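Asks:
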Amino acid sequence: MALTTVAEHKTEYLEILSADGTFDASLAPDLSKEKLLEMYTVMTQIRVFDERAIKLQRQGRLGTYPQILGQEVTQCIPALCLEPKDWILPTYRGQGSYFARGMQMRYSLMYWGGDDRGVNYPKDNNDLMFSIPVGAHMTQAMGLAWGEKLKGTKNVAVCWIGDGASSKGDFHEAMTFAGVHKLGLIMFIENNGWAISLSREQQCASETLAQKGHGYGAHSIQVDGNDALAVHKAVSEAVARGRNGEGPTVIEAMTYRMSNHTTADDASRYRSNEEVEEWKKKDPLDRFRKHLLKTEVLDDDAVEKIQKEAEEYVAGEVKAYEAFDKPNPLNMFSNNSEKAPWHVIEQRAELEEILKEKQSRNEIPELPAAEGRFP
Amino acid sequence: MKNFLQGINEGLRQAMEADDKVILLGEDIGKNGGVFRVTDGLQKQFGDQRVFDTPLAELGIAGAAVGMALTGLRPVAEIQFSGFSPPILDQVICHFGRMRNRTGGRNTLPLVVRLPQGGLIHAPEHHSEAPEAYFCHTPGIKVVMPSTPEDAKGLMIAAIEDPDPVIYFEPKRLYRLIKGEIPEEKYSTPLGKCRIAREGTDCTVITWGAMVHTSLKAAAELEKEGVSIEIIDLRTLTPLDIDGVLASVKKTGRAVVAHEAPNTGSWAAEVSSLIHERAFDVLKAPVQRVGSWDIRQPLFKTEHFYIPDAHRVVRGVNKTLSRDKAAA
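Chains as they are written, first to last, in the numbering used here: chain W, 1 to 375; chain U, 1 to 328.
#1: Please indicate yes or no: does the CB of TRP279 (chain W) lie closer than 8 Å to some heavy atom of the ligand FAD?
#2: Near GLY70 (chain W), what residues of its chain come up, given a Cβ to Cβ distance below 8 Å and the 5 sequence neighbours on each side ignored?
#3: Figure out for me which residue from U:SER322, U:PRO163, U:ARG315, U:GLN297 has the closest Cα to the Cα of VAL290 (chain U).
#4: How long is the line joining the alpha carbons of LYS151 (chain W) and PRO29 (chain W), rounded to whole angstroms?
#5: Hey, is the region 132-146 of chain U in contact with the region 351-371 of chain W, meaning 3+ C-beta pairs nearer than 8 Å?
#6: Residues of the region 118-136 of chain W in Cβ contact with chain U at a cutoff of 7 Å, in chain order, please.
#7: Between the Cα of ALA100 (chain W) and those of W:TYR121, W:ASP115, W:ASP116, spot the shortest distance and give me the residue it belongs to.
#8: Would you say TRP382 (chain W) reaches chain U, if we count a Cβ-Cβ gap shorter than 9 Å as a contact?
#9: Can you name, in chain order, every residue of its own chain whose Cβ lies under 8 Å from the Cβ of CYS136 (chain U), other than the five neighbours on each side?
#10: For ILE196 (chain W), collect the residues of the same chain with a Cβ closer than 7 Å to its Cβ; drop the 5 residues on either side in sequence, then sort them by chain order.
#11: Can you check which of these residues, W:ALA315, W:GLY179, W:LEU89, W:HIS9, is closest to MET138 (chain W) by C-alpha distance?
#12: Quick check on the burial criterion: 16 or more other C-beta atoms within 10 angstroms. Buried or exposed for PRO365 (chain W)?
#13: Could you tell me which residues DSSP puts in a beta bridge with GLY162 (chain W)?
#14: Going straight from the alpha carbon of LEU155 (chain U) to that of ALA197 (chain U), what length do you get?
#15: In or out: GLY200 (chain U) buried (at least 16 other Cβ within 10 Å) or exposed?
#16: Quick one: Cα of GLN288 (chain U) to Cα of VAL317 (chain U), how far?
#17: Quick check on the burial criterion: 16 or more other C-beta atoms within 10 angstroms. Buried or exposed for PHE84 (chain U)?
#18: Please state whether the Cβ-Cβ distance between LEU109 (chain W) and LEU56 (chain W) is less than 9 Å.
#19: Between VAL250 (chain W) and chain U, is the shortest Cβ-Cβ distance under 9 Å, so that the two count as touching?
#20: Should ARG106 (chain U) go down as buried or exposed, given a rule of 16 or more other Cβ atoms within 10 Å for buried?
#21: Just the C-alpha distance for ILE375 (chain U) and PHE305 (chain U), rounded to the nearest angstrom, thanks.
#22: Is it right to say TYR13 (chain W) is buried, meaning 16 or more other beta carbons lie within 10 angstroms of its own, or is it exposed?
#23: If the cut is a Cβ gap below 8 Å, which residues of chain U does MET332 (chain W) touch?
#24: With LEU24 (chain U) as the anchor, note down where its beta strand (DSSP E) starts and where it stops.
#25: How should HIS9 (chain W) be labelled, buried or exposed, when 16 other C-beta atoms within 10 angstroms of its C-beta is the threshold for buried?
#26: Output needed in chain order: residues of the region 66-85 of chain U with a Cβ under 8 Å from some Cβ in chain W.
#27: What's the call for ALA65 (chain U), buried or exposed, on a 16-neighbour Cβ count within 10 Å?
#28: Sort W:GLU350, W:LYS149, W:MET105, W:ARG93 by Cα distance to HIS181 (chain W) and report the nearest one.
#29: Kindly identify the DSSP beta-bridge partner or partners of GLN359 (chain W).
#30: Can a CB atom of chain W be found closer than 9 Å to the CB of LEU237 (chain U)?
#31: Closest Cβ-Cβ distance between ALA327 (chain U) and chain W: below 9 Å?
#32: For GLU357 (chain W), count neighbouring C-beta atoms within 10 Å of its own C-beta (all shown protein chains included) and say buried if the count is 16 or more, exposed if not.
#33: Report, in whole angstroms, the separation of the C-beta atoms of ILE68 (chain W) and ASP50 (chain W), which I expect to be a contact under 8 Å.
#34: Apart from the five residues on each side of it in sequence, which residues of its chain come closer than 7 Å, Cβ to Cβ, to LEU222 (chain U)?
#35: Of the choices U:ALA15, U:CYS203, U:ILE8, U:LEU191, whose alpha-carbon is the least far from that of ARG114 (chain U)?
#36: How would you call PHE333 (chain W), buried or exposed, if buried means at least 16 neighbouring beta carbons within 10 angstroms?
Next up, the structure:
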């Protein structure tokens with residue numbers, strides 16, 4: 001009989017870009033100038049979108065909105081490491097992941113504006129609608145990776161979750177299956193420090209969230225989530241492992257939710273301003289810009305041009321969002337099932353009658369034609 | 001005058017003052033006072049060993065409440081939105097309602113789960129559901145849903161003091177909308193007793209939660225047309241106050257059940273069925289259900305065409321009246 005060590009695990013932390021924009025060339029991924037520019041452009045567009053969305057919300061032109069600020073890298077860089085046929089399952093905050101894969105911002109605005117026609121991703125993409133109930137998409141992502149494996153493709157699934165979602169049983173179940181079946185699942189934890197008012201320390205006693213992955217036989221790593229190069233490298237390696245049948249990866253990306261949880265939240269009730277100020281110094285966009293300027297991928301004129309173009313692009317998307325016809329309430333009956341059952345057909349007819357009554361009393365305006373498939 | 005939310009808060013506070021076994025747990029309920037501020041000030045008053053901010057895991061919260069209740073505590077758990085309640089059904093269905101029976105009456109679960117319920121607050125997806133029927137269908141638990149500040153407090157205290165599990169739904173659009181007098185002292189509103197929210201003679205509208213107020217609006221509209229409706233606020237969905245419901249239906253001879261959930265398999269279906277079974281002889285027309293449509297709840301831009309408004313309650317009442325005229 002003996003007391004011996006039967007397993008030991010180490011969890012590494014990867015940072016390539018420092019806050020002043022200098023970088024460790026030995027660690028940096030080999031990215032073309034075009035790729036670096038794409039990364040910076042998308043990050044800039046997300047930043048501008050987010051600023052604009054908050055204004056729209058304050059003006060009552062958008063509903064409750066979860067702000068992205070500070071998480072541009074963790075949202076768009078993983079998406080930019082993928083092929084369209086890889087699956088993405090972002091969080092509800094992850095509009096930037098969809099944008100990186102070509103979804104027009106107008107659809108994001110529609111969704112957060114309370115219109116079911118929103119979040120309309122490009123039709124050839126394997127993007128999936130996010131789950132508002134936290135973490136319910138983790139086992140789905142595992143199933144997607146499993147399905148792709150059974151079909152014999154090399155497609156992987158990237159599942160974004162927050163630090164909060166890593167506490168849910170779904171995490172355990174998804175990772176257990178993924179480990180056993182060596183699935184191409186990348187569990188990308190955007191650890192932004194806060195799950196609404198609960199700090200990372202209160203969320204879990206584990207030193208890192210990355211190390212949870214070891215328990216499932218997953219490759220596990222913690223990265224600087226505000227470092228575009230580190231995130232790109234970690235995700236690309238995880239994708240390669242996934243495609244090669246080497247199993248799942250857990251990536252914990254250390255970032256920070258710079259704003260409130262949503263526009264309905266007031267973070268000053270539960271966290272200090274000093275903490276927020278500290279993280280401001282690590283801004284992902286500033287850091288990447290400094291790096292691109294230093295390495296002469298960009299110059300000041302190019303930075304200005306990208307900013308100006310992003311502003312014009314976002315302004316155009318806002319305009320397009322506001323130009324959509326108001327939704328016909330009958331839309332809610334569309335696309336609910338292959339063939340609507342009798343009671344739903346009756347109920348739609350009843351709503352149609354109610355709408356006509358309301359129109360005859362001038363309570364509602366003329367409506368555009370109903371959209372979507374019915375019955 | 002206090003609002004509905006203050007009624008719940010006061011109920012929690014007084015129950016905690018009266019019994020130090022009462023503890024609260026849930027996401028963001030402590031330091032932040034809950035996302036709606038229902039538990040505001042309670043962690044400050046009672047400390048972080050009686051008001052717990054939990055990790056983000058609804059099923060964990062529900063299971064923790066079971067364990068704590070078995071040790072003799074009286075946990076009150078909050079699930080932030082009832083739209084996030086499906087994970088807890090594992091505990092609710094398989095354990096909440098069965099523990100007493102499975103242990104031969106030895107172990108009971110004096111616990112409460114608070115669930116903000118209902119729509120029309122311009123909230124994002126999954127923040128507006130009315131899932132009460134999933135819970136009512138489960139034997140062994142009680143389900144309550146107040147509609148006034150006074151009942152919000154009294155039913156909360158009654159729920160906490162009840163020896164069995166109680167699901168306490170909070171119609172969230174009433175939180176700040178509905179104001180009323182709340183007695184200062186600690187009191188409990190009996191579980192299993194309905195309330196006549198408005199007296200009338202031509203038709204009984206049986207309803208609960210925020211739909212009580214929608215039905216009151218419908219009553220005002222109908223009054224202009226010379227129709228007088230009686231409104232029964234169930235307050236407790238299960239066990240249902242069958243005597244209270246039948247007494248009113250016997251008086252008016254007609255009934256409409258108005259609620260926010262889709263009709264199929266709903267609690268309104270159960271109420272309607274009970275009326276037909278037990279008061280068929282007095283009915284002048286079949287009971288009508290006024291509920292949401294049997295489809296996924298739409299986002300907020302068209303939500304008010306999904307959840308019944310006063311106009312739809314009026315239509316429901318008119319259906320019972322026209323049946324009568326046709327028969328005559």
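Heads up, the beta-carbon is just placed ideally off N, CA and C, and yes, glycines get one too.
Just so you know, these numbers come straight off a predicted model, no measurement behind them.
Replies: Working from what's here:
#1: Although the ligand FAD was asked about, the structure shown includes no ligands whatsoever.
#2: ASN192, ASN226, THR255, TYR256, ARG257, MET258, SER259, TRP279, ASP283, PRO284
#3: U:ARG315
#4: 31 Å
#5: no
#6: ILE132, PRO133, VAL134
#7: W:TYR121
#8: Nothing can be reported for residue 382 (chain W): it is not among the residues displayed for chain W, which extend from 1 to 375.
#9: VAL143, LEU237, THR238, TRP267, GLU270
#10: HIS261, ASP265
#11: W:LEU89
#12: exposed
#13: W:GLU190
#14: 16 Å
#15: buried
#16: 8 Å
#17: buried
#18: yes
#19: no
#20: exposed
#21: What is shown of chain U runs 1 to 328, which leaves residue 375 (chain U) out entirely.
#22: exposed
#23: TRP293, ILE295, ARG296, PRO298, THR302, PHE305, TYR306
#24: 22-26
#25: exposed
#26: GLY83, PHE84
#27: buried
#28: W:LYS149
#29: DSSP output for GLN359 (chain W) lists no bridge partner at all.
#30: no
#31: Any reading at ALA327 (chain U) must be qualified, since the residue scores a pLDDT of 44, below 50, and its modelled position is unreliable; the value itself is stated next. Chain W contact via Cβ: absent.
#32: exposed
#33: 4 Å
#34: ILE229, VAL314, VAL317
#35: U:ILE8
#36: buried
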